[in-house]
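Protein chains: 2
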Amino acid sequence: MYPRKLTRSVISNPDYPVVETRAGKVRGLWEEGTFLFRGVQYAQAKRFQMPQPVEPWEGTREAIIYGPVCPEIHTPIAHDQYNVPHYHYIQDEECHYLNIWTQHIESDAKRPVMVWIHGGGFATGSSIELYAYDGHELSAFGDVVVVSLNHRLNCIGYLDLSAYGEEYKYTANLGTADLVAALQWIHDNIAGFGGDPDNVTIMGQSGGGGKVHALLHTPSAFGLFHKAVIQSGLSTGGRETRPEQSQALGAAVVAELGITDIKEIETIPYYKLARAAQKASAELSATTGMRVGWGPVRDDEFYLGSGMLNPFCEQTKNIPMLVGSVLGEFDQNYNNVYAEGSKNDWPEEQVEALIRKIYGDAADAVMAAQKKAYPKAKLVDCLFTNQGMRVAHRDFCNKRAAEGCAPAWNWLFNLECPLNSGTIPWHNAEEAYMFHNANYLEASYIPGVSEQLQDQMTGAWVAFAYTGDPNHPGLPVWPAANAENGACMIFDAETRLECHHDDELMEAIPPKGMNFGGARRPTSTFGGGPRQSI
Amino acid sequence: MYPRKLTRSVISNPDYPVVETRAGKVRGLWEEGTFLFRGVQYAQAKRFQMPQPVEPWEGTREAIIYGPVCPEIHTPIAHDQYNVPHYHYIQDEECHYLNIWTQHIESDAKRPVMVWIHGGGFATGSSIELYAYDGHELSAFGDVVVVSLNHRLNCIGYLDLSAYGEEYKYTANLGTADLVAALQWIHDNIAGFGGDPDNVTIMGQSGGGGKVHALLHTPSAFGLFHKAVIQSGLSTGGRETRPEQSQALGAAVVAELGITDIKEIETIPYYKLARAAQKASAELSATTGMRVGWGPVRDDEFYLGSGMLNPFCEQTKNIPMLVGSVLGEFDQNYNNVYAEGSKNDWPEEQVEALIRKIYGDAADAVMAAQKKAYPKAKLVDCLFTNQGMRVAHRDFCNKRAAEGCAPAWNWLFNLECPLNSGTIPWHNAEEAYMFHNANYLEASYIPGVSEQLQDQMTGAWVAFAYTGDPNHPGLPVWPAANAENGACMIFDAETRLECHHDDELMEAIPPKGMNFGGARRPTSTFGGGPRQSI
């Protein structure tokens, strides 16, 4: 995605490197030992229709620049643009493009395929939105095939129009249908890029983790992936949208648009559709109290519903999983919501006062439990310890174990980064490390620490992709998690395995749900609104 | 702008690095010896009003992420997104932000200030649009202070509403007024960032070169800059818009909007204004045959008119200049307009047939003159030799000399790059070299060649910023240009000084004007329309 300091020419000649796909030839790049193919079309679709295979073409198509990304309902400057640098790009509804990094273009190489599904909830983001998503280092480090992809989002990916006719039957899950189409393309074509179609790991963070979770319960995806990674993608209690809710939103959007013939919705400009969708969803949320938004809808046919709320699907119980979150997530001092300056310089009495203000009656229990869970941590970090995601990911692993699924390994990313003289890991912080990009990202890099940690983490992800088990010689022994062992790998300057280490702390911290709301909602320093970032 | 492989922590602490400006303190970054300040607000302005100084603030503002960029009238995927990688960003009319790279934050350092003014005509682009614009390497290489900036463009920067009241008097030149405000901010504040306010070099490419040219004839800018660089920013014959033309466009836009109270134009959404402006300008161009567009308007008060068409201003005759273009500019084989494959592999008879098709009766003269001008060049490169910009920049230097101005040095960038087994330098290609970023840009980098050439070119730009003369020990002796000596520095794998080398060739090639139009107009591989790229 981004320029790196080159020591060799990048080759992109008319006849090299070229790979033949089922639809035709694509010509990419060869850079420092890694082949790159950008903007390869994996499907095509008209608005509100299911994705179709790409029309075959004559000759060779260029795959040297990224394809358009899905229109976002709203794109302000993110509050976390510094520590999570974003790459914005041209938006277009025809966004069915994927990118490939590989060390081989021979079909007998059969390397593991690691498919990255981006975050941004089901509403925003893209395969190239975050600099951390660049797959070059991961591919080179692990000799794996990395694929990232765009798909339909928000009101063109998840607007339920099923009440308006058979041709709209699956509209509530089109964004997921695109993911399935991409996995089908990978199955059919990835061998030509050195990948093993029988060893595909899907992985995603935030909304991307939610999408991985959805694919575990999407019958058309069964058999197209073999391992799964969820990073900060689950919330406590889970969530399931039913057709009566999504159809109500669909009807509200249609009413807001004021159209008389439903066919008009296929051609009105995107921005008009998006405005109507935003207005209708806000009003419906306000009047009904329902949580109305964009995401998969449980229709018991295309999508079978959340694994947090139901028994896991029999057909995907055999999928090994790697499931974790980060210490701070959204609990940050963005825009000095707690105080000015560095948290590590705040006087002790100020810290204690803040903790008492935030945690109220629970403050003493939180402070005591934090000391037990993290004996070397600073007291102030109580303020920046996320509860919701940590509990959700831990409990997800335990539920997998309890239902006899393939192993699920639980982890927590804890590395404090140097920004502001010390910042607890934010939502997205681990991506720099599992993509082996920490020393390209200003806010993440710590000389003498990052090198080892990214080897450990990228190594675990790669080992998992190869074998279904993240253990490797650079890590302490890591058992899969269950309720009895409470095992969790703490990725930190000193990576360590802990057992039940934060059970008391998680009990002590009052749940805050998704923790986006109210006074702590972050905005950028330029006044842009908050992104819908999960 | 983009992540580079780090070998040290990037420091951005609440108290370091901090610089005090007239309006308040800003806190930036310290990275590998270079200080970075991103998104520093230099002015503020309501729509259609002149820029005003920034309101002072208390405390310290963050300057660690880029500020919003000006809304573009249209942003497709550029046809040259591969060889000229673009960085897109959040657009907002409040776009008065600049970025600083420096080696010092002591006010006695007094290093030369190099101000980069972006291209994209007067309609699109931003200070961070192209990866090549990143100022880190240039600042570190030359120990100079690099500044880049955003300003108002298109229908909010150059829509002439002067007929609608005194408060709109300067609306036709607001984009330039923003540039003046930025130069004023630099004058007032740059010492705190290690810069010398009495040694400011303005430089720009394409539209940015046009903006530099405009500033030479803008009285409010006089004294705020001391040296000037124009890169591929002039076209043959020059161009001057007069108030009767720009007011006609203003009236057409107002009519298209259908507003009754002119005040409404200050608050209608940008996208509505932009659509009306696009429609009105297209219609006015079609009906009147006028070249209608966005750019400075000669009102003989704010802007005194083109130096291509009038005697140079007395007040800026003392400005030394560095003026040049590149061999190919827009004459490329984008989308295989000539033929498939690499130009260097086309059979000789095919090449000659193409040359005869393109140049008609002039073909023999072109081929003979090309052999004389570039004895080592391939015949096929006749197809990729730009005439309009080369002549314009050469003649501009000669005119400066003829009118007794300070010296103007003429150059031509000729390096063939490896893309497609050989590509003649494209519009923007030299930026990678004068910013010392060639080995960060895939299409530009040639091991063993780029290192020396970027030292030579960046060295020339830096020497010019220090002394007003681009000569340095790494270059052949380089006299300033005039009609008699025909001196031109050819930046190439073997950089050389030539005299009158291509006079015959420039005579032989039939002029094509700006060469954007007709069948050769390039589009991206994803069908996005062509960018307004000058």
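Protein chains in written order, with the working numbering: chain A, 1 to 534; chain B, 535 to 1068. Every residue gets a Cβ at the ideal spot worked out from N, C-alpha and C, and that includes glycine.
{"Asked": "Residues, ordered as in the chain, of the region 128-139 of chain A that lie near chain B by beta-carbon distance below 7 Å", "Found": "Tyr-131"}
{"Asked": "C-beta neighbour in chain B for A:Gly-33, strict 8 Å", "Found": "no"}
{"Asked": "Within chain B, the residues that A:Lys-399 reaches when beta carbons sit closer than 9 Å", "Found": "Ordered by position in chain B, no residue passes the 9 Å Cβ test against A:Lys-399, which lies about 38 Å from the chain."}
{"Asked": "Buried or exposed by the 16-neighbour rule on C-beta atoms within 10 Å, applied to B:Trp-591", "Found": "exposed"}
{"Asked": "Residue range of the unbroken alpha helix (DSSP H) whose run includes A:Thr-201", "Found": "Here A:Thr-201 belongs to no alpha helix (DSSP H); instead the beta strand (DSSP E) covers 195-205."}
{"Asked": "Three CB pairs or more closer than 8 Å across the region 762-771 of chain B and the region 735-751 of chain B", "Found": "yes"}
{"Asked": "Contact check, B:Val-618 vs B:Leu-672, beta carbons under 8 Å", "Found": "no"}
{"Asked": "Under the three-state DSSP convention, the category A:Asn-99 falls into", "Found": "strand"}
{"Asked": "Helix, strand or coil at A:Lys-581 [DSSP, three-state]", "Found": "This structure cannot settle anything about residue 581 of chain A, because the visible part of chain A is limited to 1 through 534."}
{"Asked": "8 Å Cβ shell around A:Arg-356 - same chain, five flanking residues per side excluded", "Found": "Ala-363"}
{"Asked": "Min CB distance B:Val-885 to chain A below 8 Å", "Found": "no"}
{"Asked": "Own chain partners of B:Ala-814 with C-beta closer than 6 Å, once the 5 adjacent residues on each side are dropped", "Found": "Ala-786, Val-787 and Glu-790"}
{"Asked": "C-alpha gap between B:Gly-858 and B:Trp-650, whole angstroms", "Found": "16 Å"}
{"Asked": "Within-8 Å CB hit, A:Ser-342 to chain B", "Found": "yes"}
{"Asked": "Per-residue contacts from B:Ser-543 into chain A (C-beta, under 7 Å)", "Found": "Pro-418, Tyr-445, Ile-446 and Pro-447"}
{"Asked": "Partners in chain A for B:Asn-547, counting only beta-carbon separations shorter than 7 Å", "Found": "Ser-342, Asn-420 and Ser-421"}
{"Asked": "Under the three-state DSSP convention, the category A:Thr-288 falls into", "Found": "helix"}
{"Asked": "Exposed unless 16 or more other CB atoms sit within 10 angstroms - verdict on B:Thr-609", "Found": "buried"}
{"Asked": "C-beta neighbour in chain A for B:His-652, strict 8 Å", "Found": "no"}
{"Asked": "A:Ala-460 vs A:Ser-444 beta-carbon contact at 8 Å", "Found": "no"}
{"Asked": "Cβ-based burial, A:Lys-343 [other Cβ within 10 Å; buried from 16]", "Found": "buried"}
{"Asked": "Chain B within 8 Å of A:Arg-4, Cβ atoms only", "Found": "yes"}
{"Asked": "Neighbour flag for A:Gln-332 against chain B, beta carbons, 8 Å", "Found": "no"}
{"Asked": "Presumed contact (8 Å Cβ cut-off) between B:Leu-953 and A:Ser-107, rounded CB distance", "Found": "Wrong, their Cβ atoms sit about 27 Å apart, outside the cutoff."}
{"Asked": "First and last residue of the uninterrupted alpha helix (DSSP H) at B:Glu-1038", "Found": "1037-1042"}
{"Asked": "Contacts of A:Asn-439 in chain B (Cβ-Cβ under 8 Å)", "Found": "Lys-539, Leu-540 and Thr-541"}
{"Asked": "Test item: CB-CB of A:Ile-73 and A:Thr-7 under 8 Å", "Found": "no"}
{"Asked": "Alpha helix (DSSP H) segment containing A:Met-114, residue limits", "Found": "Where A:Met-114 is concerned, there is no enclosing alpha helix (DSSP H), although the beta strand (DSSP E) it sits in stretches over 111-117."}
{"Asked": "Min CB distance A:His-88 to chain B below 8 Å", "Found": "yes"}
{"Asked": "Beta-bridge partners of A:Arg-27, as assigned by DSSP", "Found": "A:Val-18 and A:Glu-62"}
{"Asked": "Residues that A:Leu-29 contacts on chain B, provided the C-beta gap is smaller than 8 Å", "Found": "Glu-976"}
{"Asked": "Below-8 Å beta-carbon distance, A:Tyr-42 vs any chain B residue", "Found": "no"}
{"Asked": "Whole-angstrom distance between A:His-151 and A:Asn-336, CA atom to CA atom", "Found": "35 Å"}
{"Asked": "Residues near A:Tyr-82 by beta carbon distance below 8 Å, same chain, minus five either side", "Found": "Leu-419, Glu-442 and Ala-443"}
{"Asked": "Beta-carbon separation (whole angstroms), A:Asn-410 vs A:Cys-397, contact threshold 8 Å", "Found": "4 Å"}
{"Asked": "Supposed contact pair A:Leu-497 and A:Ala-487 - C-beta distance, whole angstroms, cut 8 Å", "Found": "6 Å"}
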